[in-house]
Amino acid sequence: MPKSKVRKKSVYTPPEGVLQSRAANARAVQPSPRWYAPLMVGLMLVGLLWIVVYYVAGDQIPFMVSLGAWNFAIGFGAMVLGLVMSMRWR
């Protein structure tokens with residue numbers, strides 16, 4: 000079987016603006032402040048504890064009784080906020 004011809008392709012060079020914008024974005028990313036991680040973990044734990052307390056002693060705490068099903072929204076909301084923060088943690 001005969002060999003196929005090899006074509007010479009020119010080397011791709013991206014436009015100048017593309018390389019500069021990527022370099023600027025790479026320099027813009029900085030590590031998170033020291034308080035960010037404890038706040039993130041704290042929110043997740045507070046949400047978990049809120050739901051556990053609601054299940055265990057929710058009928059004995061007056062303001063939790065008045066909130067009713069909103070206790071789930073508060074607990075899960077705090078946990079979701081902590082998880083969203085974890086995606087932005089550097």
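For the sequence shown, position 54 matches number 53 in numbering that gives the first Met the number 0, and the numbering has no gaps at all.
Ideal Cβ placement from N, Cα and C applies to all residues, glycine included.
Inset, instruction - Could you tell me the boundaries of the alpha helix (DSSP H) in which Pro37 lies? - result: 35-56
Inset, instruction - Using only alpha-carbon positions, find the residue among Gly41, Trp69, Leu42 that is nearest to Tyr53. - result: Trp69
Inset, instruction - Alpha carbon to alpha carbon, how far is Leu42 from Ser85? Give it in angstroms, no decimals. - result: 11 Å
Inset, instruction - Grab the span of the alpha helix (DSSP H) containing Val28 for me, first residue to last. - result: Looking at the DSSP string, Val28 is not in any alpha helix (DSSP H), and its letter there is neither H nor E.
Inset, instruction - Would you mind sorting Gly46 into buried or exposed? The rule is 16 or more other CB atoms within 10 Å of its CB. - result: buried
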